[in-house]
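**Student:** Attaching a single structure in structure tokens format; questions to follow.
Residue numbers (my numbering): -4 to 195.
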């Protein structure tokens, strides 16, 4: 992974042979921090894991449709999210003008970097995400809400100034995440190629 975070995972994990959207356990990008924490708690992960794994949002891009409410009509108030930095809001509004994206018109949906403060761009994992959050410059609502949770904010503050602490905990949390919903016995299969099911 970009950012030189290394960790070892147990081998021989069984993967499913059929993909089913009803069994997907990832929270929606528009979920609140509190709801995401509840979902994580249900699978044995905690606030440290959630805060740490959200740090992966220093990489990649998100679709405008996931930030439109923060930019123009936050929680149906008719105004932008006041926790968002004004400069960030202006920049995002330039990339995501109003009324251009709806759930019915996703084809015209632009993308924006998940972390505009990332010094190495959107392709490297580092701790700059936490500096963005603490400065009110997080793109997604769930990321900015991290700063409103007392424990998560303390963790974010440590990671913001401690890149090694972040990398070590990221590795630990990834290993914990990989142990969620592991199939056993006759369930699933150990894949010969991780990208596809084994030939029958």
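Think of the CB as a built atom: it goes at the ideal place given N, C-alpha and C, for glycine as much as any other residue.
Quick one: is residue 177 buried, meaning 16 or more other Cβ sit within 10 Å of its Cβ, or exposed?
**Tutor:** Exposed, since its Cβ has fewer than 16 Cβ neighbours within 10 Å.
**Student:** Using a threshold of 9 Å, state whether the C-beta atoms of residue 137 and residue 22 are closer than that.
**Tutor:** Against a cut-off of 9 Å, the Cβ pair of residue 22 and residue 137 comes out as a contact.
**Student:** Taking the CB atoms as reference points, tell me whether residue 162 and residue 0 lie closer together than 9 Å.
**Tutor:** Result yes, Cβ atoms of residue 162 and residue 0 sit closer than 9 Å.
**Student:** Taking the beta carbon of residue 187 as the centre, do at least 16 other beta carbons fall within 10 Å, making it buried, or is it exposed?
**Tutor:** Burial call: exposed.
**Student:** Going by other Cβ atoms of all chains shown within 10 Å of its Cβ, with 16 needed for buried, is residue 14 buried or exposed?
**Tutor:** Exposed, since its Cβ has fewer than 16 Cβ neighbours within 10 Å.
**Student:** How far does the alpha helix (DSSP H) with residue 200 in it reach, from first residue to last?
**Tutor:** There is simply no residue 200 to check, as the chain begins at -4 and stops at 195 in what is shown.
**Student:** What number of angstroms, rounded off, separates the C-alpha of residue 74 from the C-alpha of residue 67?
**Tutor:** If you take the alpha carbons of residue 74 and residue 67, they lie about 5 Å apart.
**Student:** For residue 65, does the count of other Cβ atoms within 10 angstroms reach 16, so buried, or fall short, so exposed?
**Tutor:** Flag for residue 65 reads buried.
**Student:** Rank 173, 120, 131 by C-alpha distance to the C-alpha of residue 158 and give the top, closest one.
**Tutor:** Nearest option by C-alpha distance: 120.
**Student:** What are the start and end residues of the alpha helix (DSSP H) that includes residue 35?
**Tutor:** 28 to 36 is the extent of the alpha helix (DSSP H) around residue 35.
**Student:** From the DSSP secondary-structure annotation, give me the bridge partner or partners of residue 91.
**Tutor:** DSSP, once it has assigned bridges, lists no residue as partnering residue 91.
**Student:** Below 8 Å, can you find three or more Cβ-Cβ pairs linking the segment 117 to 134 to the segment 78 to 85?
**Tutor:** The segment 117 to 134 is in contact with the segment 78 to 85.
**Student:** Can you tell me whether residue 150 is buried or exposed? The criterion is at least 16 other CB atoms within 10 Å of its CB, across all chains shown.
**Tutor:** Buried, since its Cβ has 16 or more Cβ neighbours within 10 Å.
**Student:** Which residues in the same chain as residue 12 place their Cβ atom closer than 7 Å to its Cβ, once the five residues preceding and following it in sequence are excluded?
**Tutor:** These residues qualify, in order along the chain: 183, 184, 192.
**Student:** Alpha carbon to alpha carbon, what distance is there between residue 108 and residue 128?
**Tutor:** Cα to Cα, the separation comes out at about 14 Å.
**Student:** What's the C-alpha gap between residue 104 and residue 115?
**Tutor:** Roughly 25 Å between the two C-alpha positions.
**Student:** Following the continuous beta strand (DSSP E) through residue 56, name the residue where it begins and the one where it ends.
**Tutor:** Unbroken beta strand (DSSP E) run through residue 56: 56 to 58.
**Student:** Report the rounded CA-to-CA distance for residue 6 versus residue 38, giving the unit in angstroms.
**Tutor:** When rounded, the distance between both Cα atoms is 21 Å.
**Student:** Tell me which residue opens and which closes the alpha helix (DSSP H) that residue 76 is part of.
**Tutor:** Looking at the DSSP string, residue 76 is not in any alpha helix (DSSP H), and its letter there is neither H nor E.
**Student:** According to DSSP, residue 188 sits in a beta bridge with which residue or residues?
**Tutor:** Answer is 191, bridged to residue 188.
**Student:** Leaving out the 5 sequence neighbours to the left and right, which residues in its chain are closer than 7 Å to residue 152 when beta-carbon positions are compared?
**Tutor:** 129, listed in sequence order.
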